[in-house]
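A short worksheet on the structure shown next.
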Amino acid sequence: MSVAVVLFTRDLRVHDNPTLSAALSSSDTVVPLFVLDEAILGGFFNRPNRARFLVDALRDLDTSLRERGARLVIRRGDVVDEVVGVAREVGADVVHMSADASGYARRRQAALAARLEADNRSLETHDETLFVVPPGVITPGGGDHMAVFTPFHRRWEKRPVRDLAPTPRRVPMSALPAGRIPAADLLCRGAASPDLASGGEAPARERLSTWLAADIATYDDARDAVADDATSRLSPYLHFGCLSPVEVVHRARRQGRPGADAFVRQLAWRDFHAQVLAARPDATHRDYRSRGDRWHRSHEELEAWREGRTGFPIVDAGMRQLAREGWMHNRTRLITAHFLTKTLYIDWRLGAAHFIDLLVDGDVANNTMNWQWCAGTGTDSRFNRSYNVTTQARRHDPRGIYVRRYVPELADVDDAYVHEPWLLPEEQRQALGYPPPLVDQDEARDRLRRARAKPDR
Ligand SMILES: Cc1cc2nc3c(=O)[nH]c(=O)nc-3n(C[C@H](O)[C@H](O)[C@H](O)COP(=O)(O)OP(=O)(O)OC[C@H]3O[C@@H](n4cnc5c(N)ncnc54)[C@H](O)[C@@H]3O)c2cc1C
Numbered sequence: 017m018s019v020a021v022v023l024f025t026r027d028l029r030v031h032d033n034p035t036l037s038a039a040l041s042s043s044d045t046v047v048p049l050f051v052l053d054e055a056i057l058g059g060f061f062n063r064p065n066r067a068r069f070l071v072d073a074l075r076d077l078d079t080s081l082r083e084r085g086a087r088l089v090i091r092r093g094d095v096v097d098e099v100v101g102v103a104r105e106v107g108a109d110v111v112h113m114s115a116d117a118s119g120y121a122r123r124r125q126a127a128l129a130a131r132l133e134a135d136n137r138s139l140e141t142h143d144e145t146l147f148v149v150p151p152g153v154i155t156p157g158g159g160d161h162m163a164v165f166t167p168f169h170r171r172w173e174k175r176p177v178r179d180l181a182p183t184p185r186r187v188p189m190s191a192l193p194a195g196r197i198p199a200a201d202l203l204c205r206g207a208a209s210p211d212l213a214s215g216g217e218a219p220a221r222e223r224l225s226t227w228l229a230a231d232i233a234t235y236d237d238a239r240d241a242v243a244d245d246a247t248s249r250l251s252p253y254l255h256f257g258c259l260s261p262v263e264v265v266h267r268a269r270r271q272g273r274p275g276a277d278a279f280v281r282q283l284a285w286r287d288f289h290a291q292v293l294a295a296r297p298d299a300t301h302r303d304y305r306s307r308g309d310r311w312h313r314s315h316e317e318l319e320a321w322r323e324g325r326t327g328f329p330i331v332d333a334g335m336r337q338l339a340r341e342g343w344m345h346n347r348t349r350l351i352t353a354h355f356l357t358k359t360l361y362i363d364w365r366l367g368a369a370h371f372i373d374l375l376v377d378g379d380v381a382n383n384t385m386n387w388q389w390c391a392g393t394g395t396d397s398r399f400n401r402s403y404n405v406t407t408q409a410r411r412h413d414p415r416g417i418y419v420r421r422y423v424p425e426l427a428d429v430d431d432a433y434v435h436e437p438w439l440l441p442e443e444q445r446q447a448l449g450y451p452p453p454l455v456d457q458d459e460a461r462d463r464l465r466r467a468r469a470k471p472d473r
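Here it is in structure tokens:
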């Protein structure tokens, strides 16, 4: 009787899970395993919002496995030690896991493969569980990754997308004490955001179906309208693998509505960033393309940005949405990140760290590479692109609905002033209890130009 261990990581689902499918089709019984990785639990990545979402997702996966005659085995510790221990305990010859992109994930994978081999067992990794097109598949002649999105996307779009893996009806399991899924506050101390979404495959599938049925049609026109909240909000489910990106692409294309192409294009960005990070793992902390920046250091300005009291309503609304929901609209992510790096000229690493503290979809590849894109140190060829936040606010929140939703001090301000409260007569402005602008945007733009124009940089 053959036994396989299925090591779940960021693929917390039973639908379209090629890793689970491969284990089921090649072994008589399996052990579905999740290891609470001490190296991650003890690091900067373990934050309350993601801990709560993870616990939801593990519970949901356990429920799906129980419905199929199995359950999720939970261990805590060093991943390699725990997996090898379980494999020995149940006599498994093979461990299946989904291949991931970050430097940490790849080192962990390599260490596990080596230890299993020394134990006369093997590791089978599956490239197409977490990505539509995995890192390393689309490469330029002679290079290891694509550095520009548009040609990457052209080739990404033309590739056939694999068929969906079958959803198992039964998961025959080898007997083993399962362990317990801990409460989120035992994984990470601290309060989660009050309006955090629930994790798990069930809410993910419900959200996908509702969104495809109702909102994808208007996606292309409405996705930047911050007040309309017209994007899918699938990012945390994709990050934890509660949803398969391949299934999302198939279902979006099948829907055939206007909006599907624009939406699927966004999914290509996930794969694009993953392949950049896989080739350049140090991009998590090093400039992908250095501009020789000597960043401005101001603790007060950084704190004002973090807390949403810069005096620029659209920036403050975005930062407060992040604190309240553990999620922020893409357009305000762009605006707030540009504001920190280009207007305040503060190091992107400080901004990325704050986003990782709070984002429920916080993802090493997507967060880092998007931050670097905004800072001009990443893959954006227009690296000195800088937004006027007031123009952005008027364009993407013309009536100030988004701003009023998150910045109650401005709830009763007239439309004409909601994005520029500093233009109000002094007495009225003071009565709002809302801060004046932290900087002059024109001076800030000149500072950036001067800094980046230096010939020795
Ligand atoms: C500074 C900054 C930091 C970011 N950090 C993260 C992060 O940590 N994790 C994360 O998933 N996304 C990140 N993004 C990308 C993007 O903002 C979110 O994926 C998106 O807002 C999620 O909302 P949605 O699911 O409604 O997106 P939709 O517009 O519905 O898009 C569908 C999916 O496409 C993917 N996607 C969309 N835009 C991008 C993008 N620019 N890069 C990569 N994937 C994308 C996401 O998986 C998303 O769920 C960041 C963007 C910026 C500017």
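When we follow our numbering, the leftmost residue of the sequence shown carries the number 17, and every step to the right adds one. Even glycine gets a Cβ: it sits at the ideal position worked out from N, Cα and C.
Next item on the list: Identify the continuous alpha helix (DSSP H) that holds M385 and give its terminal residues.
Entry: As a first step, residue 385 is located in the sequence shown; it is residue number 369 there, counting from the start. DSSP places M385 in the uninterrupted alpha helix (DSSP H) bounded by 380–391.
Margin query: Quick test of the definition: if touching needs 3 or more C-beta pairs under 8 Å, does the segment 414–434 touch the segment 286–297?
Written below: Fewer than three Cβ pairs drawn from the segment 414–434 and the segment 286–297 lie within less than 8 Å of each other, which leaves the two stretches out of contact.
Notebook entry, point to check: For G416, which three-state DSSP category applies?
Noted result: Residue numbering aside, residue 416 sits at position 400 when the sequence shown is read from its first letter. Correct three-state label for G416: coil.
Notebook entry, point to check: For M162, which three-state DSSP category applies?
Noted result: Along the sequence shown, one-based indexing puts residue 162 at 146. The three-state secondary structure of M162, taken from DSSP, is coil.
Check: Do S190 and ligand 1 come close, with the Cβ less than 8 Å from some heavy atom?
Finding: Numbered from its first residue, the sequence shown carries residue 190 at position 174. Outside the cutoff, so no.
Check: For the alpha helix (DSSP H) that contains V95, what are its first and last residues?
Finding: The residue labelled residue 95 in the question sits at position 79 within the sequence shown. Looking at the DSSP string, the run of the alpha helix (DSSP H) that includes V95 is 95–106.
Check: Per DSSP, T45 forms a beta bridge with which residues?
Finding: In the sequence shown, counting from the first residue as 1, residue 45 sits at position 29. DSSP, once it has assigned bridges, lists V19 as partnering T45.
Check: Taking contact to mean at least 3 C-beta pairs separated by less than 8 Å, is the segment 244–263 in contact with the segment 216–226?
Finding: yes
Note to self: By the three-class DSSP mapping on this structure, what secondary structure does T141 have?
What the structure shows: By 1-based counting over the sequence shown, the position of residue 141 is 125. If DSSP states are grouped into helix, strand and coil, T141 belongs with the strands.
Next item on the list: Assign K358 to one of two classes, buried (16 or more other C-beta atoms within 10 Å of its C-beta) or exposed (fewer than that).
Entry: For the purposes of this step, residue 358 is identified with residue 342 of the sequence shown, where counting begins at 1. The residue is buried, with at least 16 neighbouring Cβ atoms inside 10 Å.
Next item on the list: With a threshold of 16 other CB atoms inside 10 Å of the CB of R473, please say whether the residue is buried or exposed.
Entry: Locating residue 473 in the sequence shown gives position 457, where the first residue counts as 1. Caution applies to R473, whose pLDDT of 39 falls short of 50 and renders its modelled position unreliable; the value that the coordinates give is listed next. By the neighbour-count rule (16 or more Cβ atoms within 10 Å), R473 is not buried but exposed.
Notebook entry, point to check: By DSSP, does D458 sit in helix, in strand, or in coil?
Noted result: For the purposes of this step, residue 458 is identified with residue 442 of the sequence shown, where counting begins at 1. DSSP places D458 in helix when its eight states are reduced to three.
Note to self: Any heavy atom of ligand 1 inside 8 Å of the beta-carbon of A117?
What the structure shows: Here residue 117 is taken as the residue at index 101 of the sequence shown, counted from 1. No, Cβ of A117 sits at least 8 Å from all heavy atoms of ligand 1.
Note to self: Out of G334, A230, H255, which one is the CA nearest neighbour of V242?
What the structure shows: As a working note, residue 242 is residue 226 in the sequence shown. It is G334.
Next item on the list: Look at the alpha carbon of R349 and the alpha carbon of A39, and state the distance between them as a whole number of angstroms.
Entry: Within the sequence shown, residue 349 is the residue found at index 333, counting from 1. Within the sequence shown, residue 39 is the residue found at index 23, counting from 1. Going by the C-alpha atoms only, they are around 39 Å apart.
Note to self: Please return the same chain residues whose Cβ sits closer than 7 Å to the Cβ of T25, not counting the five positions on each side in sequence.
What the structure shows: In the sequence shown, the residue the question calls residue 25 occupies position 9. The residues are M113, S114, D116.
Checklist line | At least 3 beta-carbon pairs within less than 8 Å: the segment 426–444 vs the segment 370–383 | finding: no
Notebook entry, point to check: Cβ of D379 versus every heavy atom of ligand 1: is any distance shorter than 8 Å?
Noted result: Counted from its first residue, the sequence shown places residue 379 at position 363. Indeed, a heavy atom of ligand 1 lies less than 8 Å from the Cβ.
Checklist line | Beta-carbon spacing of C390, H412 below 9 Å | finding: To locate residue 390, count along the sequence shown from 1; it is residue 374. To locate residue 412, count along the sequence shown from 1; it is residue 396. The answer is no: Cβ separation not under 9 Å.
Checklist line | Buried versus exposed, by CB contacts within 10 Å (16 or more), R66 | finding: Walking along the sequence shown from the start, residue 66 turns up at place 50. So R66 ends up on the buried side.
Next item on the list: Kindly provide the ranges of any alpha helix (DSSP H) runs that are 4 or more residues long and lie completely inside the segment 178–224, ordered along the chain.
Entry: Counting only runs of 4 or more, we get 200–203.
Checklist line | Neighbourhood of P210 by C-beta distance below 7 Å, restricted to the same chain and skipping five residues each side | finding: Within the sequence shown, numbered from 1, the residue matching residue 210 stands at position 194. For P210, where only same-chain residues beyond five positions count, the Cβ hits under 7 Å are R340.
Check: Near P471, what residues of its chain come up, given a Cβ to Cβ distance below 7 Å and the 5 sequence neighbours on each side ignored?
Finding: Stepping through the sequence shown from its first residue, residue 471 is reached at position 455. With a pLDDT of only 48 at P471, under the threshold of 50, the placement of this residue in the model should not be trusted; the figure read from the coordinates follows. Excluding sequence neighbours, P471 sits near nothing in its chain.
Item checked: Opening and closing residue of the beta strand (DSSP E) in which S114 lies -> Residue numbering aside, residue 114 sits at position 98 when the sequence shown is read from its first letter. Taken as a continuous stretch (DSSP letters only), the beta strand (DSSP E) holding S114 covers 110–114.
Next item on the list: Please state whether DSSP places D472 in a helix, a strand or coil.
Entry: As a working note, residue 472 is residue 456 in the sequence shown. Low confidence applies to D472: its pLDDT is 41, below 50, so where it sits in the model is not reliable enough to give any reading.
Check: From what residue to what residue does the alpha helix (DSSP H) around A333 run?
Finding: As a position in the sequence shown, residue 333 is number 317, starting the count at 1. It spans 329–341 - the alpha helix (DSSP H) in which A333 sits, taken as one unbroken run.
Note to self: Please report the distance separating the alpha-carbon of G93 from that of L57.
What the structure shows: Position 77 of the sequence shown, counted from the first residue, corresponds to residue 93. Position 41 of the sequence shown, counted from the first residue, corresponds to residue 57. Distance between the alpha carbons of G93 and L57 is about 9 Å.
Notebook entry, point to check: When we look at the beta-carbon of S248 and count the other beta-carbons within 10 Å, is it buried (16 or more) or exposed?
Noted result: Looking up residue 248 in the sequence shown gives position 232. Under this definition S248 is a buried residue.
Next item on the list: Can you say whether T497 is buried or exposed, counting buried as having 16 or more other CB atoms within 10 angstroms of its CB?
Entry: Residue 497 is absent from the structure shown; the chain starts at 17 and stops at 473.
Next item on the list: Go ahead and pull the three-state DSSP assignment for P34.
Entry: Taking the first residue of the sequence shown as 1, we reach residue 34 at position 18. Helix.
Item checked: Close Cβ partners of R196 (< 8 Å) along its chain, the five nearest in sequence each way excluded -> On the sequence shown, position 180 is the one that residue 196 refers to. These residues qualify, in order along the chain: I90.
Next item on the list: For L70, collect the residues of the same chain with a Cβ closer than 6 Å to its Cβ; drop the 5 residues on either side in sequence, then sort them by chain order.
Entry: Here residue 70 corresponds to residue number 54 of the sequence shown, with the count starting at 1. If we look at L70 and ignore the five residues flanking it on each side, it has no Cβ neighbours.
Notebook entry, point to check: Which residue's Cα is closest to the Cα of A199: K174, R75, I232?
Noted result: Here residue 199 refers to the residue found at position 183 of the sequence shown. Relative to the Cα of A199, the nearest Cα in the group K174, R75, I232 belongs to R75.
Next item on the list: Taking only heavy atoms of ligand 1 into account, decide whether any of them is closer than 8 Å to the Cβ of Y403.
Entry: Residue 403 sits at position 387 when you count from the first residue of the sequence shown. No, since every heavy atom of ligand 1 falls outside the 8 Å radius drawn around the Cβ of Y403.
Next item on the list: Note down, in chain order, each residue of its chain lying with its Cβ closer than 7 Å to the Cβ of T406, except the 5 sequence neighbours on either side.
Entry: Here residue 406 refers to the residue found at position 390 of the sequence shown. Closer than 7 Å at Cβ, skipping near neighbours: H435, E436.
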